[in-house]
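Numbering (my numbering), first residue to last: 3 to 197.
All C-beta atoms in this analysis are idealised placements derived from N, C-alpha and C, irrespective of residue type, glycine included.
Predicted, not measured: the structure shown is a model, and the values here were computed from it.
Next up, the structure:
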């Protein structure tokens with residue numbers, strides 16, 4: 003039985019979007035299969051174009067969002083981005099965004115993840131909708147962790163902008179403190195034993 007989707011020319015990611023998956027046509031053109039609430043749409047744009055357009059609709063650019071993530075975090079590939087900071091919509095790519103297999107997943111809708119095969123997982127969303135993605139469970143967990151870190155750090159910095167007793171933070175601050183504590187630990191361990 004052939005699945006039926008509502009076909010749309012354009013789409014903007016919202017709070018209700020669970021995931022935007024690539025959907026390759028027989029002629030090689032990439033559309034997007036979008037899971038939103040209980041609906042499934044087929045959009046005539048690629049997942050990356052939908053992400054870029056959504057950033058533009060909300061007054062930013064995809065490149066600006068990526069650069070913002072880079073400045074707060076310490077990694078450069080498969081960057082999660084904030085789509086809508088007011089509604090806490092954070093999405094992450096499953097692969098390099100230039101890869102035709104790249105899907106974008108919305109963090110706040112994930113209920114459960116389960117390994118199906120070595121490089122295949124099932125994601126269950128809060129509304130019980132399920133999708134299967136060709137990605138390892140390790141990579142998916144890593145992307146979820148990165149996105150949660152970005153969200154936590156960004157929310158902290160918003161609070162710091164309103165509270166003069168707080169200071170802005172980045173992951174670099176945590177890494178610097180960790181490195182300093184390891185140096186102190188090594189110095190303590192290297193002291194000669196006078197007993």
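Roughly how many whole angstroms lie between the Cα atoms of residue i and residue j?
i: residue 122; j: residue 108; result: 18 Å
i: residue 157; j: residue 29; result: 43 Å
i: residue 25; j: residue 33; result: 5 Å
i: residue 1; j: residue 64; result: Outside the displayed span of the chain (3 to 197) sits residue 1, for which this structure offers no information.
i: residue 101; j: residue 145; result: 16 Å
i: residue 7; j: residue 68; result: 31 Å
i: residue 36; j: residue 77; result: 28 Å
i: residue 10; j: residue 90; result: 25 Å
i: residue 104; j: residue 98; result: 6 Å
i: residue 131; j: residue 169; result: 40 Å
i: residue 93; j: residue 149; result: 7 Å
Residue i lies in the alpha helix (DSSP H); which residues open and close that run?
i: residue 159; result: 139-164
i: residue 72; result: 64-74
Tell me, which residues are paired with residue i by DSSP?
i: residue 58; result: Residue 58 is not bridged to any residue.
i: residue 44; result: 9 and 35
i: residue 115; result: 125
i: residue 134; result: 124
Since residue i contacts residue j with CB under 8 Å, what's their CB separation in whole angstroms?
i: residue 127; j: residue 142; result: In fact, because the Cβ distance is near 14 Å, the residues do not count as touching under 8 Å.
i: residue 19; j: residue 38; result: 5 Å
i: residue 45; j: residue 17; result: Not really, about 18 Å apart at Cβ, beyond 8 Å.
i: residue 135; j: residue 125; result: 6 Å
i: residue 71; j: residue 83; result: 6 Å
How is the beta strand (DSSP E) around residue i delimited, first residue to last?
i: residue 82; result: That residue, residue 82, is in no beta strand (DSSP E); it is neither H nor E in DSSP.
i: residue 199; result: This structure does not reach residue 199, given that the chain is present from 3 up to 197, and the question cannot be answered.
i: residue 107; result: 106-108
i: residue 23; result: 19-26
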